[in-house]
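One structure below.
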Amino acid sequence: QPGQSLASTEQATSDPDLYYSRKNFKRPELQVSPHRTFEEEASILDQFFPGGRAYCMGSVNRADCWYLYTVSPGRPRYRPNAARHNLPHNRIGKIHREPDQTLEVLMMDLDPEKMKWFYKNICPTAAEATKKSGIDRLIPEMMIDDYQFEPCGYSMNGLMRSVPSSRKGYGGYMTIHITPEPEFSYVSFETNVPQKSYKDLIARVVATFGPKQFVLTFFTSVESGASIGIEDDSCSVPQYSDYDVDDIQICRLQGYDLTYALYNRFPS
1 QPGQSLASTE QATSDPDLYY SRKNFKRPEL QVSPHRTFEE EASILDQFFP
51 GGRAYCMGSV NRADCWYLYT VSPGRPRYRP NAARHNLPHN RIGKIHREPD
101 QTLEVLMMDL DPEKMKWFYK NICPTAAEAT KKSGIDRLIP EMMIDDYQFE
151 PCGYSMNGLM RSVPSSRKGY GGYMTIHITP EPEFSYVSFE TNVPQKSYKD
201 LIARVVATFG PKQFVLTFFT SVESGASIGI EDDSCSVPQY SDYDVDDIQI
251 CRLQGYDLTY ALYNRFPS
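Numbering of the sequence shown is given in UniProt numbering, commencing with residue 1 and proceeding in unit increments.
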């Protein structure tokens, strides 16, 4: 089943922003409450976080969509009598003092040849799986802490010394979680490491795991200026020769812009 994430971004002089997101489940009826529906999850979160907001990206009447719950305690109040497009961006959302961006790639129906490295009978150690799969080459200079599950499955977290942070520790991270079984293979990839353009990184991630379908989400703050990797104005997301872009949504949240896209391999 697709993974879930609960993350916060916190500035030194402000309350934290909180984000909970996940892809829709293939078999929601098999989940325990409150995870059978996103509406139930959002209702539980509302009890802890007054003012939280729930969103769905993608088509609600098709098999694939992505859910997001956000909390921004420090946001200023809306000005309902002012035209939204005439407001400076930081008046619409809270002010973020640090540049911030997050790329997430959620991949389904993976190439079995690329998934074989995540079985313990083929790669007995996590370090071997990391190297043979090419995960160690996705973002160079990443300090990797990896784990290989029994009999299969893989998880890693990485930190990057060269990415600064106003808080203690390192500011750059990468995380990957893998379910390799062919009946429900799934890989999630996430990073906040700055890139001039994310198109090449996305291509490396997709080539490493070989999905038939993937969802891309990209958060960027006002101060970031990061580009997802658009080469021209004909499409709002990067394009790849082996994949069709079947759905795109772009929205402005509290201090962040969010891009969502669904890709399917062509030909299937």
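Here a beta-carbon is modelled for each residue, glycine too, at the ideal position from N, C-alpha and C.
Please read these numbers as outputs of a predicted model, since none were measured by experiment.
With 16 other Cβ atoms within 10 Å as the buried cut-off, status of residue i
{"i": "Phe-218", "result": "buried"}
{"i": "Ser-59", "result": "exposed"}
{"i": "Asn-121", "result": "exposed"}
{"i": "Asn-61", "result": "exposed"}
{"i": "Met-108", "result": "buried"}
{"i": "Glu-190", "result": "buried"}
{"i": "Pro-267", "result": "exposed"}
{"i": "Pro-211", "result": "buried"}
{"i": "Cys-251", "result": "exposed"}
{"i": "Gln-148", "result": "buried"}
{"i": "Ala-63", "result": "exposed"}
{"i": "Glu-41", "result": "buried"}
{"i": "Leu-110", "result": "buried"}
{"i": "Ile-228", "result": "buried"}
{"i": "Gln-47", "result": "exposed"}
{"i": "Leu-30", "result": "exposed"}
{"i": "Ala-127", "result": "exposed"}
Short Cβ contact (8 Å threshold) for residue i with residue j
{"i": "Val-205", "j": "Gly-172", "result": "no"}
{"i": "Phe-38", "j": "Tyr-19", "result": "no"}
{"i": "Pro-180", "j": "Tyr-119", "result": "yes"}
{"i": "Gln-249", "j": "Tyr-240", "result": "no"}
{"i": "Leu-103", "j": "Tyr-198", "result": "yes"}
{"i": "Pro-28", "j": "Ile-44", "result": "no"}
{"i": "Tyr-213", "j": "Arg-265", "result": "It should be pointed out that residue 213 corresponds to Gln in this sequence rather than to Tyr. The answer is yes: Cβ separation under 8 Å."}
Expected contact under 8 Å - CB spacing of residue i and residue j to nearest Å
{"i": "Thr-130", "j": "Met-160", "result": "About 16 Å; that fails the 8 Å criterion."}
{"i": "Phe-209", "j": "Val-187", "result": "5 Å"}
{"i": "Lys-23", "j": "Val-163", "result": "That belief does not hold up - the Cβ atoms of Lys-23 and Val-163 are roughly 26 Å apart, past 8 Å."}
{"i": "Thr-70", "j": "Leu-253", "result": "6 Å"}
{"i": "Thr-220", "j": "Tyr-256", "result": "7 Å"}
{"i": "Gly-158", "j": "Ile-144", "result": "5 Å"}
{"i": "Ser-72", "j": "Asp-17", "result": "5 Å"}
{"i": "Ser-21", "j": "Met-115", "result": "Going by Cβ atoms, the distance from Ser-21 to Met-115 rounds to 24 Å, so no, they are not a contact pair."}
Residues that residue i bridges to, as DSSP identifies them
{"i": "Glu-66", "result": "For the sequence presented, residue 66 should be read as Trp rather than Glu. Beta-bridge pairing links Trp-66 to Lys-23, Met-57."}
{"i": "Gln-31", "result": "Its beta-bridge partners do not exist; DSSP assigns none."}
{"i": "Asn-121", "result": "Beta-bridge pairing links Asn-121 to no other residue."}
{"i": "Leu-103", "result": "Thr-191, Phe-218"}
{"i": "Asp-146", "result": "Met-156"}
{"i": "Gln-47", "result": "Answer is none; Gln-47 lacks a bridge partner."}
{"i": "Met-115", "result": "Per DSSP, none; premise fails for Met-115."}
{"i": "Thr-259", "result": "Phe-218, Ile-250"}
{"i": "Arg-265", "result": "Tyr-243"}
{"i": "Ile-176", "result": "Met-156, Phe-189"}
Contact between the segment 133-140 and the segment 242-260 (3+ Cβ pairs under 8 Å): Between the segment 133-140 and the segment 242-260 there are fewer than three inter-stretch CB-CB distances shorter than 8 Å, so the stretches are not counted as touching.
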